[in-house]
Amino acid sequence: MTAQQLKERLSEEDIRKLLLEMGATFYYEDDDMWITDTICHHGNKPKLYYYKNSKSFHCYTECGQLDIIGIVMGYKDFTQEEFQKAINWICIKLNLDNCEYGFGKQEQISDWEFIRSYKKSSKKINKEKELVPYDPSILKIFQPFYPKCWIDEGISIRSMKKYGIMYCVWQQKIIIPHYNISNELIGVRARSMLEMDIELYGKYAPFKIGNIFYNHSLGLNLFGLNHNMKAIQRKRKIMLVEAEKSVLQTDTMFGEDNFTVALCGSNLTDYQKGIILMLGVREVIIGLDKQYQELDSEECKKWAKHIKDKIIDKLSAFVIVTVLWDTNGLLGYKDSPSDKGKDTLLQLMDNKLYVGTNQ
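Take the sequence shown: its letter number 288 is residue 816 in the numbering used here, and every next letter is one higher.
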């Protein structure tokens, strides 16, 4: 049995059983989807979505698009080389037969075949998602209202208009359209304003109209690149931030000189890396949120290691990498480098840490 055959064999009830086995809490259920906590990376936020129609997961904090095997690998901390262990674990928990992996030479060869098939299939799925834009006319149902809370956080109405920010009155959500490098609409994200929604689903989620979720794989795009590509190529540098809001803040600060894009998370995917290298930049500035309170804490060391493993190591062989690292207490806990205004951001830029290249 290959990995693909195993996934095809699993029923909706099997998926539920596996999630419960991993300690998942179901925060929301309907005919199209489930929302659980992010067990894929041992998180506790209700931002792991399971889409029943495609039998796929999406983690809206760190991991991106996954299948059930990927969920198990994250939960069990398996490496790519331990792929077959995730298969075995699923088979054992569901009492499935024909899942004999890793026993004998012939079976090991078979394992590598289905691993290659799995990776090829995943790439094909990602490519198809990238190539299917949404009809932009769906945005006509929203209103051109601009939230005061964002204005107070340093985002101008001009920048919100530029990026197509709208408001959904009946759901009390800020609407954030996502466009690819060709200015095609590839997704619609919503920022909840109601505390009850935030507690249940988190601040950000794909917007749903009727039975359709206007979601996309966040790892297959860089938010803001459609507006800022010229500045990036002119300056030959790019700054990576976590959230769309930071791109809007820097647009307010620098306008046409803005070279910022959002990862919409804290990991750099191979696809995003390819886009960055294609742009011909010489320097990548990492400007993620401040996920630590004290410089000498374990929390700080863990966050530094995350940035190194998930971003720096992927880029340092090709470009100069620098990091905005708050050593002077300029930012609050979980602030982005742009949250405290232009002067603070420029001060962080002046004191950025030089990582260099790894050639």
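Cβ atoms here follow ideal geometry from the backbone N, Cα and C, with glycine treated the same way.
Q.
Suppose the cutoff is 7 Å on Cβ atoms and the five residues either side in sequence are ignored; what does the same chain contact list for Phe787 look like?
A. Asn756, Ala759, Ile760, Lys763, Lys765, Ile766 and Met767
Q. Roughly how many whole angstroms lie between the Cα atoms of Asn623 and Asp785?
A. 59 Å
Q) Helix, strand or coil: how does DSSP classify Lys790 here? A) For clarity, residue 790 is Ala in the given sequence; the question names Lys instead. Reduced to three states, the DSSP call for Ala790 is strand.
Q: Report, in whole angstroms, the separation of the C-beta atoms of Tyr695 and Ile704, which I expect to be a contact under 8 Å.
A: 11 Å between Cβ atoms; not a contact.
Q | Own chain residues within Cβ distance below 6 Å of Lys830, not counting five before or after | A | none
Q. Are the CB atoms of Phe751 and His706 nearer to each other than 8 Å?
A. yes
**Q.** Euclidean distance between Cα positions of Lys870 and Tyr691
**A.** 20 Å
Q. Measuring from the CB of Trp831, is there a heavy atom of the ligand MG at a distance below 7 Å?
A. Among the components of this structure there are no ligands whatsoever, and the ligand MG is therefore not found.
Q) In terms of DSSP beta bridges, what is Met877 paired with? A) None; Met877 has no bridge partner.
Q. Which residue or residues does DSSP assign as beta-bridge partners of Gln671?
A. Tyr695
Q) For the stretch 684-767, which segments carrying the beta strand (DSSP E) assignment without a break, of at least 3 residues, lie completely within its bounds, in sequence order? A) 694-696, 701-707, 713-720 and 732-734
Q) Rounded C-beta distance between Ala790 and Val769? I'm assuming under 8 Å. A) 5 Å
Q | Nearest-angstrom Cα separation, counted from Arg544 out to Glu635 | A | Confidence at Glu635 is low in this model, with a pLDDT of 31, below 50, so its placement is unreliable and the value that follows should be read with caution. Using only the alpha carbons, I get a separation of about 29 Å.
Q: Write down the C-beta distance between Val883 and Ile813 rounded to the nearest angstrom, noting that I regard them as a contact closer than 8 Å.
A: In fact, because the Cβ distance is near 10 Å, the residues do not count as touching under 8 Å.
Q: Report the rounded CA-to-CA distance for Leu594 versus Gln819, giving the unit in angstroms.
A: 25 Å
**Q.** Residue span of the beta strand (DSSP E) that contains Trp617, given as start and end
**A.** That residue, Trp617, is in no beta strand (DSSP E); its alpha helix (DSSP H) goes Phe611 to Leu622.
Q.
Looking at the strands, I want to know which residues DSSP matches up with Trp562.
A. Glu557 and Tyr578
Q) How many angstroms separate the CA atom of Tyr732 from the CA atom of Ile615? A) 32 Å
**Q.** Opposing strand residues paired with Glu811 [DSSP bridges]
**A.** Lys765 and Ile848
Q) Going by Cα to Cα distance, which pick from His744, Ser584 and Leu548 is closest to Pro661? A) His744
Q: Could you tell me the boundaries of the alpha helix (DSSP H) in which Cys677 lies?
A: Lys676 to Asp680
Q.
Between Gln671, Thr607 and Lys583, which has its C-alpha nearest Ser888's C-alpha?
A. Nothing can be reported for residue 888, as the shown portion of the chain is limited to 529 through 887.
Q | CB of Tyr603 within 8 Å of CB of Met688, strictly | A | no
Q) Can you tell me whether Val775 is buried or exposed, with buried defined as 16 or more other CB within 10 angstroms of its CB? A) buried
Q. To the nearest whole angstrom, what separates the beta carbons of Lys575 and Thr589, a pair I think is in contact under 8 Å?
A. 5 Å
**Q.** Beta-carbon proximity of Ile666 to Ile737, cut-off 8 Å
**A.** yes
Q.
Give me, in chain order, the residues of the same chain whose beta-carbon lies closer than 8 Å to that of Glu811; leave out the 5 immediate sequence neighbours on both sides.
A. Arg764, Lys765, Ile766, Val847, Ile848, Val849 and Thr850
Q) Does Tyr674 get closer than 8 Å to chain B when you measure Cβ to Cβ? A) Annotation note: the requested chain B is absent from the structure, which comprises a single protein chain.
Q: Pull up the distance between the alpha-carbon of Asn572 and that of Gln700, whole angstroms please.
A: 25 Å
Q. Does DSSP classify Cys587 as helix, strand or coil?
A. strand
Q) Does DSSP put Leu501 in a helix, a strand or coil? A) Since the first residue shown for the chain is 529 and the last is 887, residue 501 is missing from the structure and cannot be characterised.
Q. Since Lys801 contacts Leu753 with CB under 8 Å, what's their CB separation in whole angstroms?
A. Lys801 to Leu753, Cβ: 13 Å. No contact.
**Q.** Cross-strand partners of Tyr861 (DSSP beta bridge)
**A.** DSSP, once it has assigned bridges, lists no residue as partnering Tyr861.
Q.
So, for Lys648: in the same chain, excluding its five sequence neighbours on each side, which residues have a beta-carbon less than 6 Å away from its beta-carbon?
A. The pLDDT assigned to Lys648 is 44, lower than 50, so where the model puts this residue is not dependable; a value taken from the coordinates is nonetheless given after this. Nothing meets the Cβ criterion.
**Q.** Outcome for Gln533 when other beta-carbon atoms lying within 10 angstroms are tallied against a minimum of 16
**A.** exposed
Q: List the endpoints of the continuous alpha helix (DSSP H) containing Asp542.
A: Glu540 to Glu549
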